[in-house]
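Residue numbers (the numbering used here), protein chains in the order written: chain A, 518 to 779; chain B, 10 to 236.
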């Protein structure tokens, strides 16, 4: 049984591509066979985050337009042998691929792979429509910011209208200290508005940027908290019941003692 | 009825085409439309299309599938006109227009003539950002109206939930229209021609009703004995 999982957000820059790379790595490290498809034609960067940029020969558009076989466009990951990437074309735009192309492509991959992860572009236009067309499940990534939550709400509405079911939510880049000072929306505030199931809360973590620049997703780093959060999400995607990280336990001893008395 | 007997009416509007479907089975009509577009590709390419489906009751998947099929032919579907309330609702959920020109009340269609003041549209879900529900009668929402969503009614609006988007009651000038909600904190609230901006949010919301009194929008807590 394979699952086509699309990751979208509406707003740009909230961490869709980071989430795809990390979930793919975490799933593949757990023994699953995974293919990622970069749906952001014209502005690809999943290949960069996964560190596979210089291995690209063929891309998604080449497959769709019949210039190569699907196999030829699949790049094997450097670290994990059961993880593949189908990169986007950089020199074309979203209209080079149609929703039915994406459905056909995923149908070809189904059966051979456990997970097909699609990185949706920002926005709600053609590229997004392409990315959700083949999806069995959708994860919406948002940040604890009013504008990102507003866009997530829009995307969830579109998914419901298109009968893709209610997506699950990843709240990315939560800063517990800012939440405590009431300078940032809390996870509860976000859920209160969006009214969907949360599948993960990822703390803000400098390691994510370092890892992305290196092309080694943070989920491969056993010490990183964001990496742990992504590994937990991967477990939950597989149906496991993993408790949420206690994001407060990074405060010092005194803070913890006082927090406990409130 | 064979497909060959069915014909489409095509009319040019200012910046788009209005295609009126005859009565018939949806699959046939859909095929007919797509065939026509394929045959006259040069004419339709790049067009914005408004589709009048008459009394046809359409499901979300049917409309979204057609929209995708049209977009693959380079035709953008922007409006679906229908006499069926369920089709109207479908179109609105997908973000398509259901009237050709929004501000003109004299739309040449039957329901506009009889003001459906006693009829209400039942919306049994939360309206999320970007959704717009418009109806000539009253609108009842069982769920929240989130920021960025719009509810526009000819009559009154009742929200059994949190009203945090934009709401316009009495949109065609009915000054007796009211707005009530369990938690009334809209981005903007209008009744007939009057506009009020968001009031400050209260910690513990109470159900409230807003009405137009002497040209002013007045909100008061809901008391069962007073109304």
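We treat Cβ as the ideally placed atom computed from N, Cα and C, and that holds for glycine. Keep in mind the model is a prediction, meaning the values are calculated, not measured.
C-beta contact flag for residue i and residue j at 8 Å
{"i": "residue 628 (chain A)", "j": "residue 519 (chain A)", "result": "yes"}
{"i": "residue 535 (chain A)", "j": "residue 665 (chain A)", "result": "no"}
{"i": "residue 160 (chain B)", "j": "residue 142 (chain B)", "result": "yes"}
{"i": "residue 660 (chain A)", "j": "residue 690 (chain A)", "result": "yes"}
{"i": "residue 716 (chain A)", "j": "residue 704 (chain A)", "result": "no"}
{"i": "residue 615 (chain A)", "j": "residue 647 (chain A)", "result": "yes"}
{"i": "residue 743 (chain A)", "j": "residue 720 (chain A)", "result": "yes"}
{"i": "residue 543 (chain A)", "j": "residue 736 (chain A)", "result": "yes"}
{"i": "residue 183 (chain B)", "j": "residue 170 (chain B)", "result": "no"}
{"i": "residue 150 (chain B)", "j": "residue 175 (chain B)", "result": "no"}
{"i": "residue 62 (chain B)", "j": "residue 96 (chain B)", "result": "yes"}
{"i": "residue 72 (chain B)", "j": "residue 89 (chain B)", "result": "yes"}
{"i": "residue 669 (chain A)", "j": "residue 711 (chain A)", "result": "yes"}
{"i": "residue 675 (chain A)", "j": "residue 641 (chain A)", "result": "yes"}
{"i": "residue 637 (chain A)", "j": "residue 523 (chain A)", "result": "yes"}
{"i": "residue 158 (chain B)", "j": "residue 139 (chain B)", "result": "yes"}
{"i": "residue 43 (chain B)", "j": "residue 17 (chain B)", "result": "no"}
{"i": "residue 644 (chain A)", "j": "residue 611 (chain A)", "result": "yes"}
{"i": "residue 229 (chain B)", "j": "residue 190 (chain B)", "result": "no"}
{"i": "residue 563 (chain A)", "j": "residue 545 (chain A)", "result": "no"}
{"i": "residue 521 (chain A)", "j": "residue 651 (chain A)", "result": "yes"}
{"i": "residue 164 (chain B)", "j": "residue 177 (chain B)", "result": "no"}
{"i": "residue 204 (chain B)", "j": "residue 186 (chain B)", "result": "no"}
{"i": "residue 105 (chain B)", "j": "residue 130 (chain B)", "result": "no"}
According to DSSP, residues forming a beta bridge with residue i
{"i": "residue 730 (chain A)", "result": "Beta-bridge pairing links residue 730 (chain A) to no other residue."}
{"i": "residue 89 (chain B)", "result": "B:60"}
{"i": "residue 699 (chain A)", "result": "Answer by DSSP bridge pairing: none, since residue 699 (chain A) is not bridged."}
{"i": "residue 195 (chain B)", "result": "Answer is none; residue 195 (chain B) lacks a bridge partner."}
{"i": "residue 230 (chain B)", "result": "B:217"}
{"i": "residue 20 (chain B)", "result": "B:27"}
{"i": "residue 225 (chain B)", "result": "B:222"}
{"i": "residue 717 (chain A)", "result": "A:687"}
{"i": "residue 555 (chain A)", "result": "A:636"}
{"i": "residue 203 (chain B)", "result": "B:200"}
{"i": "residue 585 (chain A)", "result": "Answer is none; residue 585 (chain A) lacks a bridge partner."}
{"i": "residue 524 (chain A)", "result": "A:636 and A:656"}
{"i": "residue 596 (chain A)", "result": "Looking at the DSSP assignment, residue 596 (chain A) forms no beta bridge with any residue, so it has no partner."}
{"i": "residue 603 (chain A)", "result": "A:554"}
{"i": "residue 131 (chain B)", "result": "B:149"}
Chain-ordered neighbours of residue i on chain A, where CB pairs are closer than 8 Å
{"i": "residue 137 (chain B)", "result": "670, 671, 673, 674 and 677"}
Beta-carbon neighbours of residue i, restricted to chain B and to distances below 7 Å
{"i": "residue 526 (chain A)", "result": "By Cβ distance, chain B contributes nothing, its closest Cβ being about 13 Å from residue 526 (chain A), past 7 Å."}
{"i": "residue 680 (chain A)", "result": "69 and 70"}
{"i": "residue 595 (chain A)", "result": "Neighbours of residue 595 (chain A) on chain B: none; closest Cβ ~37 Å, over 7 Å."}
Within chain B, partners of residue i - CB distance below 8 Å
{"i": "residue 637 (chain A)", "result": "Chain B residues near residue 637 (chain A): none, gap ~16 Å exceeds 8 Å."}
Contacts of residue i in chain A (Cβ-Cβ under 7 Å)
{"i": "residue 156 (chain B)", "result": "667"}
Whole-angstrom C-beta distance between residue j and residue i, which should lie under 8 Å
{"i": "residue 568 (chain A)", "j": "residue 658 (chain A)", "result": "Actually they do not touch by this definition, with Cβ atoms about 21 Å apart."}
{"i": "residue 540 (chain A)", "j": "residue 751 (chain A)", "result": "5 Å"}
{"i": "residue 221 (chain B)", "j": "residue 198 (chain B)", "result": "Rounded, the Cβ-Cβ distance is 11 Å, inconsistent with contact."}
{"i": "residue 26 (chain B)", "j": "residue 58 (chain B)", "result": "5 Å"}
{"i": "residue 633 (chain A)", "j": "residue 552 (chain A)", "result": "5 Å"}
{"i": "residue 559 (chain A)", "j": "residue 607 (chain A)", "result": "7 Å"}
{"i": "residue 137 (chain B)", "j": "residue 688 (chain A)", "result": "That belief does not hold up - the Cβ atoms of residue 137 (chain B) and residue 688 (chain A) are roughly 17 Å apart, past 8 Å."}
{"i": "residue 219 (chain B)", "j": "residue 188 (chain B)", "result": "5 Å"}
{"i": "residue 613 (chain A)", "j": "residue 561 (chain A)", "result": "About 12 Å separates the two Cβ atoms, so there is no contact after all."}
{"i": "residue 67 (chain B)", "j": "residue 38 (chain B)", "result": "Between residue 38 (chain B) and residue 67 (chain B) the Cβ distance is about 10 Å, and since that is not below 8 Å, they are no contact."}
{"i": "residue 655 (chain A)", "j": "residue 693 (chain A)", "result": "Contact doesn't hold; Cβ gap of about 27 Å is too wide."}
{"i": "residue 93 (chain B)", "j": "residue 47 (chain B)", "result": "Contact doesn't hold; Cβ gap of about 27 Å is too wide."}
{"i": "residue 723 (chain A)", "j": "residue 738 (chain A)", "result": "Not a contact, Cβ separation roughly 12 Å."}
{"i": "residue 102 (chain B)", "j": "residue 678 (chain A)", "result": "4 Å"}
Check: residue i C-beta below 7 Å from any heavy atom of the ligand SAM
{"i": "residue 142 (chain B)", "result": "Ligands in the displayed structure: none, and consequently the ligand SAM is not present."}
Exercise for review: Please list the residues of the stretch 66-81 of chain B that have a C-beta atom closer than 7 Å to any C-beta atom in chain A, keeping them in chain order.
Suggested key: The stretch 66-81 of chain B vs chain A, Cβ under 7 Å: 69, 70, 73, 77 and 81.
Point to revise | Positions along the stretch 92-111 of chain B whose CB lies within less than 7 Å of some CB in chain A | key: 102 and 103: these are the residues of the stretch 92-111 of chain B whose beta carbon lies less than 7 Å from some beta carbon of chain A, given in chain order.
Practice item. Note down, in chain order, all residues in the stretch 696-724 of chain A with a beta-carbon under 8 Å from any beta-carbon belonging to chain B. Key: Listed by position along the chain: 710 and 712.
Review point. Can you list, in chain order, the residues of the stretch 602-624 of chain A whose Cβ is nearer than 8 Å to any Cβ on chain B?
Key: Under the 8 Å Cβ criterion, the stretch 602-624 of chain A contributes 615, 616 and 617.
Point to revise | Interface residues of the stretch 532-560 of chain A facing chain B [CB-CB below 8 Å] | key: Only those residues of the stretch 532-560 of chain A whose C-beta falls short of 8 Å from the nearest C-beta of chain B would be listed, and there are none.
Review point. If contact means a Cβ-Cβ distance below 9 Å, which residues of the stretch 635-665 of chain A contact chain B?
Key: So the list reads 641, 643, 646, 650 and 663, given in the order they occur along the chain.
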